[in-house]
Structures are given as C-alpha cells and as structure tokens.
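Novice: Here you go, one structure.
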Amino acid sequence: MSLKFSVGDLTIHRIIEQETSFVPALEMLPGLTPEVLAENRGWMLQARALDEQDVLLLCFQSYVVTTPHHTILVDSCIGNDKPRPNRPKWNMKTDDTYLRGLNAAGFAVEDIDFVMCTHLHVDHVGWNTRLENGRWLPTFPRARYVFAKQEYDHWFEQNAKAEIPPFADSVLPVVEAKRHELVGNDHQIGDHVRILPTPGHTPGHVAITMGRGKDDAVFSGDLMHSPLQTLYPELSIKFDVDPAKAATTRRSFLERYCDTDTLCCTAHFPSPSVGKIKRKGNAFVCAAV
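With the first letter of the sequence shown counted as 1, position 238 gets the number 238 in full-length UniProt numbering; the numbers rise by one all the way through.
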C-alpha cells in the first residue's frame, strides 16, 4: 500500500487514521438504487470500497505535502479525546495511530508550517487540537491554520445557535490561540498552493491545488467519498448540504482534471486513495497510480 507519492517538486505522504466500514451504501447515497449497486458490487468489493454487507468502506486520512518552501498538512482527520457519541469508532478515541503515522512519514508536529482544511466537518479538523491539562491547544504549534472564510462564517453562525462540538473543540481553540487565517478563494501560499472553490458538500467547501504554475496535485476533500461517485457523478451523499450543487461541482471538477497528469488525492477513497481521473463513457474513473 503506497503512502508516499512524488509529482513535480512535491512529495505527498498519506497519514491514515482509520480505514473502516462507515454507512450502508444505499443509506449514504440516497439516489443509489439496489440495481445500480448490484451492477457495481463486484469491482467495489475488489477495490475494498464496499464490504460483504454492502456498507461503504472509507479511509480517514490527512495528507502531508512538502513543497520547496513549506510543509503543509491537508485535513487533520478525527482526533483523540473528542466526544463524538454518534460515531462509536471516533468517540473519546485515545490511540496513537495518527501521530505514529506522522512520525513514520518523518514528521514531528513542529514541522508543519500550514494546516489547510478543505472544510470544517468533524473528520477533517480533529487533530487541529489536542487535549493538554484539560484544555484544547493547537496540535501543530508552529503552524498557521488556513480556513476558508465562507466555511468558517457558516459554522460560526451555526455554533452561535447551538454548539457544534467539532467547531467548539477543534476550530475555536485555534482561533483563540491566534494561529488561524481566514482566507478568500483567491488565496495562495507561495507559488505552489492555491484554493479551488468546490461548494455543495458544505457552503464554503474548497479543494486545494498544488504545483508550481500548474496543478500537479489536487486534494479533493469531501467532493466525493466513494469511487462510485466518479462513475455516477450525480450521486450525492446524505451529508451534502446542497446535493444538487455537490453533483454539479463534482462533474465540473472531474471534467477539469480528466485525462491530465494531475494527481487526485481523495480524502476517503479506499487505499491507495490517489489516482488520475480518466474518462469512461459519459463518466470517469480515478485510476490508481
């Protein structure tokens, strides 16, 4: 299983926290029919995208990317010690899998210059903070945490009405520590890192593109969760705030990167999770590299 990829002058490491069954396919993708699932079951089982009970298998991971100038962590996964009663596998977790994975890739928490979140859902912000002496402190003490302003404003407003635990324990403490930057869609870091607006899953969801002068790699976040969604881009998941917008965004993203050399680094596809988008009829596949 490949955990390291090189493209252009980037080196990309996958830091896996969990690769596990998540939600039944027919529940996760409300537009999916039993017939379409049956047609695709064979290759999905083989790709470890589905288990024998028709439950989707997802990878929960971060990417650490070294550019010639910076070390950037994309999406900080699930985290430890966080109350997540709706998700038993995430609730009050205390394992060392994530930090061990980071160390195995050759990184200490002090090495990260920027943490970039594609959006602020629970499994993309968890390691933004860790519990120390009863307080949530930034896990990556030297890093600037980059949040899309539209995304941040949305959750800030929701949290003001009723506490959103991942926002309260994994985002606000970073803001209180003054380690954050709220950025627009034109934001760049050096000559290697850019933001690509990809709304639909959340109002301010972004993908992150990297490479000097061209997109050598793109980090797609929750634009898609299962390789089934490259074959059927119209299939949106039940957690998308705007399923129709998510479907339109997904197809235009797949068109943009189709038959190019850009490495598509997905948040949740089964290992190896990284591939190149190829056309297949009126749809697409993410061909593993």
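A virtual CB, placed ideally from N, CA and C, is assigned to each residue, including glycine.
Quick caveat, the model's predicted, so the values are computed rather than measured.
1) Less than 7 Å separating the beta-carbons of Cys117 and Phe147?
2) Please confirm whether Val115 and Pro166 have their CB atoms less than 7 Å apart.
3) With respect to the alpha helix (DSSP H) encompassing residue 307, which residues constitute its N-terminal and C-terminal limits?
4) Quick one: which unbroken alpha helix (DSSP H) runs of 4-plus residues sit fully inside the stretch 200-268? Chain order, please.
5) Going along the chain, which residues of its own chain have a beta-carbon closer than 6 Å to the beta-carbon of Phe269, five neighbours each way excluded?
6) Going by alpha carbons, who is nearest to Pro24 out of Gly31, Asn40, Leu56 and Gly134?
7) If you draw a straight line from the alpha carbon of Pro85 to that of His121, how long is it in whole angstroms?
8) So for Val125, helix, strand or coil by DSSP?
9) How would you call His225, buried or exposed, if buried means at least 16 neighbouring beta carbons within 10 angstroms?
10) Between the stretch 230-240 and the stretch 20-40, can you find at least three pairs of beta-carbon atoms closer than 8 Å?
11) Under 8 Å Cβ to Cβ from Lys39, same chain only, skipping five residues before and after it: list those, please.
12) Could you name the residues of the same chain whose beta carbon sits closer than 8 Å to that of Val241, not counting the 5 residues immediately before and after it, in chain order?
13) Using DSSP with H/G/I as helix, E/B as strand and the rest coil, what is Thr97?
14) Under a three-way DSSP split, which group does Met28 fall into?
15) Exposed or buried, what is Met44 when buried is set at 16 or more other beta-carbons lying within 10 Å of its beta-carbon?
16) So for Phe107, helix, strand or coil by DSSP?
17) Comparing alpha-carbon positions, which option in Leu99, Lys93, Asn128 and Met92 lies nearest Val175?
Specialist: Taking the structure as given:
1) By 1-based counting over the sequence shown, the position of residue 117 is 117. By 1-based counting over the sequence shown, the position of residue 147 is 147. Taking 7 Å as the Cβ cut-off, Cys117 and Phe147 qualify as a contacting pair.
2) Indexing the sequence shown from 1 puts residue 115 at position 115. Indexing the sequence shown from 1 puts residue 166 at position 166. Against a cut-off of 7 Å, the Cβ pair of Pro166 and Val115 comes out as no contact.
3) Since the first and last residues shown for the chain are 1 and 289, residue 307 lies out of range.
4) 228-231 and 243-257
5) Counted from its first residue, the sequence shown places residue 269 at position 269. Pro227.
6) As a working note, residue 24 is residue 24 in the sequence shown. Pro24 has its Cα closest to that of Leu56, out of Gly31, Asn40, Leu56 and Gly134.
7) Your numbering for residue 85 matches position 85 in the sequence shown. Your numbering for residue 121 matches position 121 in the sequence shown. For Pro85 and His121, the distance between alpha carbons rounds to 15 Å.
8) Taking the sequence shown and counting its residues from 1, one reaches residue 125 at position 125. If DSSP states are grouped into helix, strand and coil, Val125 belongs with coil.
9) Position 225 of the sequence shown, counted from the first residue, corresponds to residue 225. Looking at its Cβ environment, which holds 16 or more other Cβ atoms inside 10 Å, His225 is buried.
10) yes
11) Here residue 39 refers to the residue found at position 39 when the sequence shown is read from its first residue. Note that residue 39 is Glu in the sequence shown, not Lys. None.
12) Residue numbering aside, residue 241 sits at position 241 when the sequence shown is read from its first letter. So the list reads Gly200, His201, Thr202 and Pro203, once near-sequence residues are dropped.
13) What you label residue 97 is simply residue 97 of the sequence shown in a count that begins at 1. In the structure shown, Thr97 sits in a helix (DSSP, three-state: H, G or I).
14) Your numbering for residue 28 matches position 28 in the sequence shown. Of the three classes helix, strand and coil, the one that applies to Met28 here is helix, per DSSP.
15) Numbered from its first residue, the sequence shown carries residue 44 at position 44. Buried is the call here.
16) Residue 107 sits at position 107 when you count from the first residue of the sequence shown. Phe107: coil per DSSP, three-state reduction.
17) Taking the first residue of the sequence shown as position 1, residue 175 is located at position 175. For the residues Leu99, Lys93, Asn128 and Met92, the minimum Cα distance to Val175 belongs to Asn128.
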